[in-house]
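*Asks:* Numbering (the working numbering), first residue to last: 1355 to 1646.
1) Which parts of the stretch 1396-1450 are runs of the alpha helix (DSSP H), unbroken and 4 residues or longer, counting only runs that do not cross its ends?
2) Taking the beta carbon of residue 1646 as the centre, do at least 16 other beta carbons fall within 10 Å, making it buried, or is it exposed?
3) From which residue to which residue does the alpha helix (DSSP H) around residue 1562 run?
4) Starting from residue 1539, trace the alpha helix (DSSP H) both ways and give me its first and last residue.
5) How far does the alpha helix (DSSP H) with residue 1591 in it reach, from first residue to last?
6) Tell me which residues share the same chain as residue 1464 and place their Cβ nearer than 7 angstroms to its Cβ, disregarding the 5 neighbours each side in the sequence.
7) Buried or exposed for residue 1418, going by 16 or more other Cβ atoms inside 10 Å?
8) Using three-state DSSP, classify residue 1576 as helix, strand or coil.
9) Under the three-state reduction of DSSP, which class applies to residue 1613: helix, strand or coil?
10) What is the rounded straight-line gap between the Cα of residue 1422 and the Cα of residue 1475?
11) Here's the rule I'm using: 16 or more other beta-carbon atoms within 10 Å means buried, otherwise exposed. How should residue 1627 be labelled?
12) According to DSSP, is residue 1621 part of a helix, a strand, or is it coil?
13) Judging by CA-CA distance, which residue of 1406, 1501 and 1458 is the nearest neighbour of residue 1416?
14) What three-state label does DSSP hand residue 1359 in the structure shown?
15) Checking 8 angstroms against the spacing of the C-beta atoms, do residue 1607 and residue 1625 come in under that value?
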């Protein structure tokens, strides 16, 4: 059985007996769906407030885009972007858990010192070997994601000239995530601090993404909270609209993935459009009779 409580930094925890919405807050000029929209602390903090009002349980702040083809930036630049936002959220919304989206321990350390509770590492601790011991030392919640290659070497799911090769994409992703969970625990991270993310859109073709969604229950059987992070991704537009599309056109398909993932056991939903996803999750709970 998956852990029902996610242990976080600063003696905080998150109840995972019910689905939780993680609102994406990119402090970047080049993220694929919302780059440049929240590029000042005031805009970002106001957006954070709006997200909480419509149902966000966690706010995730990122200072470096992980879209395919994105350029890398320094830890110093990431920190210049995100620290004023984290500090502002901590003042304005003192009870909301904050996640930092980074692969760099220097960024994660400063973010946690500023009040963040969670590290979301899309490299699963492989890009910076210090990040797992840091999570252990600080007690931070930790998200470990599968990716085939770094974003700068990747392509959008529907634009591969040669599709990524997997003998069994679900089996390979599952084995990788189990290995990375063991590495985190061996570094001292608490068992109930670790959440896994199959990495939809990261080194997977359209059909491989669909297969991961179709068989999500197999990933949930690992016994960790599973994060659903499909929001506005290119494969959704390719399937749902049957053509090239803009991220803002992909809301209906994004909600469909949230519904599928919720029904198969995912507990965390990393999304751009908080209100729509929160509404869908409330309806699922009501239909199932999970609400008081």
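Idealized CB from N, CA, C, for every residue including glycine.
*Replies:* According to the structure shown:
1) Qualifying alpha helix (DSSP H) stretches, in chain order: 1429-1446.
2) Residue placement at residue 1646 cannot be trusted, given a pLDDT of 49 that sits under 50; what the coordinates show is reported in the next sentence. Flag for residue 1646 reads exposed.
3) Run containing residue 1562: 1560-1568, per the alpha helix (DSSP H) assignment.
4) Boundaries of the alpha helix (DSSP H) around residue 1539: 1523-1540.
5) 1588-1594 is the extent of the alpha helix (DSSP H) around residue 1591.
6) Cβ within range, chain order: 1433 and 1437.
7) It counts as buried.
8) It is coil, neither helix nor strand.
9) Note: residue 1613 maps to helix in three-state DSSP.
10) Cα to Cα, the separation comes out at about 16 angstroms.
11) Its Cβ being crowded by 16 or more others within 10 Å, residue 1627 is buried.
12) Note: residue 1621 maps to coil in three-state DSSP.
13) Nearest option by C-alpha distance: 1458.
14) In the three-state DSSP reduction, residue 1359 falls in the strand class (E or B).
15) Contact flag unset, no.
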